[in-house]
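In what follows, a single structure is set out as structure tokens and then discussed.
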Amino acid sequence: EAGVAQSPRYKIIEKRQSVAFWCNPISGHATLYWYQQILGQGPKLLIQFQNNGVVDDSQLPKDRFSAERLKGVDSTLKIQPAKLEDSAVYLCASRKGSGGGNEQFFGPGTRLTVL
Amino acid sequence: AQSVAQPEDQVNVAEGNPLTVKCTYSVSGNPYLFWYVQYPNRGLQFLLKYITGDNLVKGSYGFEAEFNKSQTSFHLKKPSALVSDSALYFCAPWDTGFQKLVFGTGTRLLVSP
Numbered sequence: 017e018a019g020v021a022q023s024p025r026y027k028i029i030e031k032r033q034s035v036a037f038w039c040n041p042i043s044g045h046a047t048l049y050w051y052q053q054i055l056g057q058g059p060k061l062l063i064q065f066q067n068n069g070v071v072d073d074s075q076l077p078k079d080r081f082s083a084e085r086l087k088g089v090d091s092t093l094k095i096q097p098a099k100l101e102d103s104a105v106y107l108c109a110s111r112k113g114s115g116g117g118n119e120q121f122f123g124p125g126t127r128l129t130v131l
Numbered sequence: 801a802q803s804v805a806q807p808e809d810q811v812n813v814a815e816g817n818p819l820t821v822k823c824t825y826s827v828s829g830n831p832y833l834f835w836y837v838q839y840p841n842r843g844l845q846f847l848l849k850y851i852t853g854d855n856l857v858k859g860s861y862g863f864e865a866e867f868n869k870s871q872t873s874f875h876l877k878k879p880s881a882l883v884s885d886s887a888l889y890f891c892a893p894w895d896t897g898f899q900k901l902v903f904g905t906g907t908r909l910l911v912s913p
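Protein chains in written order, with my numbering: chain A, 17 to 131; chain B, 801 to 913.
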């Protein structure tokens, strides 16, 4: 079974530029998550999708971050414009269903450096 | 809302010795508890989970965890550590109110040869 795919793996941009990350979840997984992991911290949930609908985006800085999940499969996360404090690893995860007992499967992440 | 505490930023153990990575949580209702491991430049990998049933849960790579309801703990253990176990470990309870995993800052495990 293929895992969660993410691209790019690394990205370096200047502040105020825009950037987009892509995620392809495990086939059949209805729930998709984007996390931000700042160095030395645990992952922080940015947004959760159930199929192509948003379940929770309360921690997403909506003035600069946006995300979509078209057709309930792939997802993109965009930052525009980027700030220095956005430097982090962006993790995508997916899982079956929406109940609490199912584990999440994580992709390798995209390491973003904002200069 | 649930919270999690991993009291040790780092745990050092010699290869071949048993290891324990501690985790305590606060919960409303019956807890769902997870352990994940993160190797350098990698995403998080699922190790094991407690949903219900036996308090001793066995997982991947020889790891196990003991659920203790009275102490609200879910410590990760392994009888004999390997150098390759060196990584960052996260305990994550499931927040039933907000329907999401709660991550702390993790515990770095260093296994010396």
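All residues carry an ideal CB built from backbone N, CA and C; glycine is no exception.
Bear in mind that the values here come from a model prediction, so they are computed numbers and not experimental data.
One or two residues paired with residue 45(A) in a DSSP bridge: DSSP output for residue 45(A) lists no bridge partner at all.
Alpha carbon of residue 90(A) to alpha carbon of residue 34(A), nearest angstrom: In a straight line, the C-alpha of residue 90(A) is about 20 Å away from that of residue 34(A).
Cβ-based neighbour list, residue 207(A), same chain, cut-off 6 Å, excluding 5 preceding and 5 following: Absent from the model: residue 207(A). The displayed extent of chain A is 17 to 131, so no value can be given.
Ordered list of beta strand (DSSP E) runs contained in the region 845-897 of chain B, each at least 3 residues: 856-858, 864-868, 873-878 and 887-895
Proximity of residue 825(B) and residue 811(B) at Cβ, strictly below 8 Å: With contacts defined as CB atoms closer than 8 Å, residue 825(B) and residue 811(B) fail to qualify as a contacting pair.
For residue 81(A), the nearest candidate out of 113(A), 47(A), 101(A) and 68(A) (CA to CA): 101(A)
DSSP beta-bridge partners of residue 814(B): Partner(s): 912(B).
Cβ of residue 867(B) within 8 Å of any chain A Cβ: no
According to DSSP, residues forming a beta bridge with residue 108(A): Paired residue(s): 50(A).
Closer than 8 Å to chain A by CB, residue 907(B): By the rule that beta-carbons nearer than 8 Å mark a contact, residue 907(B) does not touch chain A.
Minimum Cβ-Cβ distance from residue 57(A) to chain C less than 8 Å: Here chain C cannot be found, since the structure's protein chains are A and B.
Cutoff 8 Å: residue 844(B) Cβ touching any chain A Cβ: yes
Residues near residue 65(A) in its chain [Cβ-Cβ closer than 6 Å; skip 5 each side]: 48 and 85
Beta-carbon gap between residue 883(B) and residue 813(B) smaller than 8 Å: no
Nearest-angstrom Cβ-Cβ length linking residue 832(B) and residue 858(B), presumed shorter than 8 Å: Contact flag wrong, Cβ pair sits at about 17 Å.
Local conformation of residue 76(A) per DSSP, three classes: For residue 76(A), the three-state secondary structure derived from DSSP is coil.
According to DSSP, residues forming a beta bridge with residue 803(B): Within the DSSP secondary-structure output, residue 803(B) pairs in a beta bridge with 826(B).
Distance CB(residue 891(B))-CB(residue 802(B)) smaller than 8 Å: No, these two residues do not count as a Cβ contact at 8 Å.
Identity of the residues DSSP links to residue 132(A) by a beta bridge: With chain A covering only 17 through 131, there is no way to say anything about residue 132(A).
Buried/exposed call for residue 116(A), threshold 16 Cβ in 10 Å: buried
Chain-ordered neighbours of residue 849(B) on chain A, where CB pairs are closer than 8 Å: 117 and 119
Stretch pair the region 832-844 of chain B + the region 107-125 of chain A: three plus CB contacts closer than 8 Å: yes
CA nearest to the CA of residue 905(B), picked from 838(B), 870(B) and 878(B): Closest option to residue 905(B), Cα to Cα, is 838(B).
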